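Novice: Shown below is the structure under consideration.
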Amino acid sequence: VAFVFHDGILDWLARPLPPAHRHIAAFGVAEPFSVSLAVSLYAGVLLALPVILWQMWSFLAPALDIAAERRILVLAAFGFVLGAAGLAFGYGILLPRALHWLTSYDTTHFRLLIRASSYYSFVTSVLLGVVCVFETPLVVLALVNLGVLTSAGLRRNRRRGYFLVAAAALALPGPDPVTTVLELLPMWALFEGSIWLAVLAERRAAKLSLAGAQA
Numbered sequence: 025v026a027f028v029f030h031d032g033i034l035d036w037l038a039r040p041l042p043p044a045h046r047h048i049a050a051f052g053v054a055e056p057f058s059v060s061l062a063v064s065l066y067a068g069v070l071l072a073l074p075v076i077l078w079q080m081w082s083f084l085a086p087a088l089d090i091a092a093e094r095r096i097l098v099l100a101a102f103g104f105v106l107g108a109a110g111l112a113f114g115y116g117i118l119l120p121r122a123l124h125w126l127t128s129y130d131t132t133h134f135r136l137l138i139r140a141s142s143y144y145s146f147v148t149s150v151l152l153g154v155v156c157v158f159e160t161p162l163v164v165l166a167l168v169n170l171g172v173l174t175s176a177g178l179r180r181n182r183r184r185g186y187f188l189v190a191a192a193a194l195a196l197p198g199p200d201p202v203t204t205v206l207e208l209l210p211m212w213a214l215f216e217g218s219i220w221l222a223v224l225a226e227r228r229a230a231k232l233s234l235a236g237a238q239a
């Protein structure tokens, strides 16, 4: 189904490019088809993901009590909102600025010819990386609920956490400083927000346990 609409998908992914560089080149007779097929497969998996997750949930839900089901559904909705925010940030803010910087770099020595396979691979990897970054609060909440992390430990090691976040930003797709900085700033904000979400989660868990003990 996604392949039927691959023209629109390719146009959508090329839109963050500056208008002068939106004519993407293909090297080899098979590259237009292979790139269209690869992009369609990514889009197909993304479109099918809600159904896949729902089937997994339908398999696991009978083994959980009502309270656990509600917590997981709330976390799933929170993760969906975070992922949508990450996709919007990556597509609307990060990619246009990064691509503008990359395509205008040292035009006196280089004549830029954008290859289709490299460009679409770069765009999809950056968007996927940003979506994963925006899921940081969800991961931290899950680890806090499992007892692996505590809010006190996160606050005590805040500086070390900021350093690790910076190292992760450097490891993400995007070799240019613009992409790295634009990824790093929300990562720091999400890390700090995760600490305070952990505090709230622990306080709520303490209140629930106290109420259960009194009952």
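The working numbering runs 24 ahead of the 1-based position in the sequence shown.
Each residue gets a CB set at the ideal place from its N, CA and C atoms; glycine is no exception.
Predicted model, so just to flag it, every value in this text is computed and none were measured.
1. Quick one: give me the first and last residue of the alpha helix (DSSP H) that Ile-90 is part of.
2. Would DSSP call Ala-49 helix, strand or coil?
3. Using 10 angstroms around the beta-carbon of Phe-146, count the other beta-carbons present and answer buried if the total reaches 16, otherwise exposed.
4. Go through its chain and collect everything with a Cβ distance to Thr-203's Cβ below 6 Å, but skip five positions before and after it.
5. Among Ile-96, Pro-86 and Phe-104, which has the Cα closest to the Cα of Leu-70?
6. Suppose you measure from the CA of Leu-214 to the CA of Arg-180; what does that come to, to the nearest Å?
7. Look up Arg-139 in the DSSP assignment and give the residues it is bridged to.
8. In this structure, does DSSP put Tyr-129 in helix, strand or coil?
9. Between Pro-56 and Leu-165, what straight-line distance do the alpha-carbon atoms span, to the nearest angstrom?
10. Grab me the residues of Glu-159's own chain with a C-beta within less than 8 Å of its C-beta, minus the 5 sequence neighbours each way, in chain order.
11. Decide if the segment 131-149 is in contact with the segment 79-86; the criterion is three or more beta carbon pairs, one per stretch, under 8 Å apart.
12. Classify Phe-187: buried if its beta carbon has 16 or more other beta carbons within 10 angstroms, exposed otherwise.
13. So, is Tyr-129 buried or exposed, given that buried needs 16 or more other C-beta atoms within 10 angstroms?
14. Are there 16 or more other CB atoms within 10 angstroms of the CB of Pro-22, so buried, or fewer, so exposed?
15. Label Phe-113 either buried or exposed according to how many other C-beta atoms from any shown protein chain fall within 10 Å of its C-beta, with 16 as the threshold for buried.
Specialist: According to the structure shown:
1. Its alpha helix (DSSP H) spans residues 90-113.
2. Residue state, collapsed to three classes: strand.
3. Looking at its Cβ environment, which holds 16 or more other Cβ atoms inside 10 Å, Phe-146 is buried.
4. Excluding positions up to five away in sequence, the list reads Ala-122.
5. Distances from the CA of Leu-70 to each of Ile-96, Pro-86 and Phe-104 were compared; the closest alpha carbon is that of Phe-104.
6. Between the alpha carbons of Leu-214 and Arg-180 lies a gap of roughly 17 Å.
7. For Arg-139, the pairing in a beta bridge is given by DSSP as Ala-49.
8. Coil, per DSSP.
9. In this structure, the straight-line span from the alpha carbon of Pro-56 to that of Leu-165 is close to 43 Å.
10. By the criterion of a C-beta distance shorter than 8 Å, Glu-159 is surrounded in its chain by Gly-103, Leu-106, Gly-107 and Gly-110, once the five residues flanking it on both sides are discounted.
11. Counting Cβ pairs under 8 Å, fewer than three are found: no touch.
12. Its Cβ having fewer than 16 others within 10 Å, Phe-187 is exposed.
13. Answer is exposed; the Cβ neighbour count stays below 16.
14. The question about residue 22 has no answer, for the chain in this structure spans 25 to 239.
15. Phe-113 should be labelled buried.
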